[in-house]
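A quick write-up on the structure given underneath.
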Amino acid sequence: MPNWGGGKKCGVCQKTVYFAEEVQCEGSSFHKSCFLCMVCKKNLDSTTVAVHGEEIYCKSCYGKKYGPKGYGYGQGAGTLSTDKGESLGIKHEEAPGHRPTTNPNASKFAQKIGGSERCPRCSQAVYAAEKVIGAGKSWHKSCFRCAKCGKGLESTTLADKDGEIYCKG
Numbered sequence: 001m002p003n004w005g006g007g008k009k010c011g012v013c014q015k016t017v018y019f020a021e022e023v024q025c026e027g028s029s030f031h032k033s034c035f036l037c038m039v040c041k042k043n044l045d046s047t048t049v050a051v052h053g054e055e056i057y058c059k060s061c062y063g064k065k066y067g068p069k070g071y072g073y074g075q076g077a078g079t080l081s082t083d084k085g086e087s088l089g090i091k092h093e094e095a096p097g098h099r100p101t102t103n104p105n106a107s108k109f110a111q112k113i114g115g116s117e118r119c120p121r122c123s124q125a126v127y128a129a130e131k132v133i134g135a136g137k138s139w140h141k142s143c144f145r146c147a148k149c150g151k152g153l154e155s156t157t158l159a160d161k162d163g164e165i166y167c168k169g
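Counting with UniProt numbering, you get residues 1 to 169 for the letters of the sequence shown.
Structure, rendered in structure tokens:
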């Protein structure tokens, strides 16, 4: 059947994508609302997407699924996650004797030696020039969007639930 509307088909939902809502990646078109990681459903952009065939992932989930396996490998530099692979069906045993730090100044120390806070949406470092505070956390300006509709938020126009942020509309 001919495509009379002339629009491209979304790589996820296969519906027509119009210019105003189009995101392009590796020759494919997507609706902004469909351009999500196939595993964790986080919003993606050109800096956070990783492609495997026809599938799109955030860099963290891609690394867990397709990256090298074994001790010392994993998510690569610059990512932080508490997911040990359970979302992908990977089971890990806790190493004996491992305990989290009890130092209340650990984050201050990390900031002094070059560490920084992590964005809850993309898990990347958040630096002062791109920092937005909302729901008690530091976000990138580009990640400070409604988890449901993708609309950009202001610190006064958000509602937070279970660690995610949403627009009040």
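Where a beta carbon is used, it is the ideal one built from N, C-alpha and C, also for glycine. All figures in this text were calculated on a predicted structure; none of them were measured in a lab.
Original post:
How would you call residue 30, buried or exposed, if buried means at least 16 neighbouring beta carbons within 10 angstroms?
Top reply: Within the sequence shown, the letter at position 30 stands for residue 30. Result: buried.
Original post:
Taking the alpha-carbon positions, what's the residue 16 to residue 120 distance?
Top reply: Position 16 of the sequence shown holds residue 16. Position 120 of the sequence shown holds residue 120. Rounded to whole angstroms, residue 16 to residue 120 spans 31 angstroms at the Cα level.
Original post:
What did DSSP end up calling residue 166 once you bin it into helix, strand or coil?
Top reply: Within the sequence shown, numbered from 1, the residue matching residue 166 stands at position 166. In this structure, residue 166 counts as strand in the three-state DSSP scheme.
Original post:
Could you give the distance in angstroms between the alpha-carbon of residue 162 and the alpha-carbon of residue 48?
Top reply: As a first step, residue 162 must be located in the sequence shown, where it is residue number 162. As a first step, residue 48 must be located in the sequence shown, where it is residue number 48. Using only the alpha carbons, I get a separation of about 23 angstroms.
Original post:
What separation, rounded to the nearest whole angstrom, lies between the Cα atoms of residue 124 and residue 39?
Top reply: Numbered from its first residue, the sequence shown carries residue 124 at position 124. Numbered from its first residue, the sequence shown carries residue 39 at position 39. If you take the alpha carbons of residue 124 and residue 39, they lie about 18 angstroms apart.
**OP:** Give every residue of the same chain whose Cβ lies closer than 7 angstroms to the Cβ of residue 25, excluding the five residues on either side of it in the sequence, and list them in chain order.
**Re:** In the sequence shown, residue 25 corresponds to position 25, counting from 1. Cβ within range, chain order: 49, 51, 56.
Original post:
Among the residues of its own chain, which have a CB less than 6 angstroms from the CB of residue 9, if the five just before and after it don't count?
Top reply: Taking the sequence shown and counting its residues from 1, the one referred to as residue 9 is at position 9. Once the five neighbours on either side are set aside, residue 9 has no close Cβ partner at all.
**OP:** Determine the burial state of residue 46: buried for a count of at least 16 other Cβ atoms within 10 Å of its Cβ, exposed for fewer.
**Re:** As a working mapping, residue 46 is identified with position 46 in the sequence shown. Exposed is the call here.
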